[in-house]
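The structure appears below as structure tokens.
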Amino acid sequence: MQDTRLHKITGAVVLILIIVIYSFYRMHDTDAVTVSVGVDDSKIGIVESGKNPVFIELCDVIKVELADGYSPDNGQEYEVYADDKIGEYILIWIEDKVYVVNTNNKKTTGTVYEQIQKAIGK
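Position 102 (the sequence shown) corresponds to 102 in full-length UniProt numbering; numbering is contiguous.
What follows is the structure in structure tokens.
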């Protein structure tokens, strides 16, 4: 019984250390991009550190997809708000451009994708 408790405590401490070390690394990574994406009942908001926020009306959204990558070679204008180190992207298609966004990790990016899908009624 005591051994199991010790393993749980040790596991928790190791996990916290990994998070702290990764956070410290990301804070001092000059190439890191911090992007926040939010959804309400009429807009998608995208905020990247150091830039003005972007708001996309939900009624303007043609298509949304979750992708492992993107290729801006089809003549479509791409506006990128993403950290390439994360590796998973939300592609938000409107009439004249595609917004490429992600968040601080794949799980959160997936959750935001689901929120956008729910908000646009798909």
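No residue lacks a Cβ here, since even glycine has one placed at the ideal position from N, Cα and C.
Remember, predicted model here, so these are calculated numbers, not experimental data.
Proximity winner among the options, relative to residue i (alpha-carbon distances)
{"i": "I92", "options": "D83, L15, N102", "result": "N102"}
{"i": "Q115", "options": "D3, H7, G38", "result": "G38"}
{"i": "V98", "options": "T4, Y70, K118", "result": "Y70"}
{"i": "I62", "options": "G110, R5, Q117", "result": "Q117"}
{"i": "E88", "options": "G75, E77, D68, P72", "result": "D68"}
{"i": "E48", "options": "G121, T10, D83, Y113", "result": "D83"}
Same chain, Cβ closer than 7 Å to residue i, neighbours up to 5 away in sequence not counted
{"i": "V80", "result": "V100"}
{"i": "K51", "result": "none"}
{"i": "P72", "result": "Y78"}
DSSP-derived helix/strand/coil call for residue i
{"i": "E114", "result": "helix"}
{"i": "K97", "result": "strand"}
{"i": "G121", "result": "coil"}
{"i": "I46", "result": "strand"}
{"i": "V14", "result": "helix"}
{"i": "residue 124", "result": "Residue 124 falls outside the range modelled here, since the chain spans only 1 to 122, and no answer is possible."}
{"i": "I90", "result": "strand"}
Same chain only: Cβ atoms within 6 Å of residue i, ignoring 5 sequence neighbours per side
{"i": "I46", "result": "V37, V54, Y81, V101"}
CB-CB length for residue i against residue j, believed under 8 Å
{"i": "A119", "j": "L66", "result": "The pair is not a contact, with the Cβ atoms about 15 Å apart (cut-off 8 Å)."}
{"i": "I86", "j": "K106", "result": "6 Å"}
{"i": "I94", "j": "I56", "result": "6 Å"}
{"i": "T111", "j": "I90", "result": "That belief does not hold up - the Cβ atoms of T111 and I90 are roughly 10 Å apart, past 8 Å."}
Sequence-distant residues of the same chain with beta carbon closer than 8 Å to residue i, five excluded per side
{"i": "V64", "result": "I90, L91, I92, W93, Y113, I116, Q117, I120, K122"}
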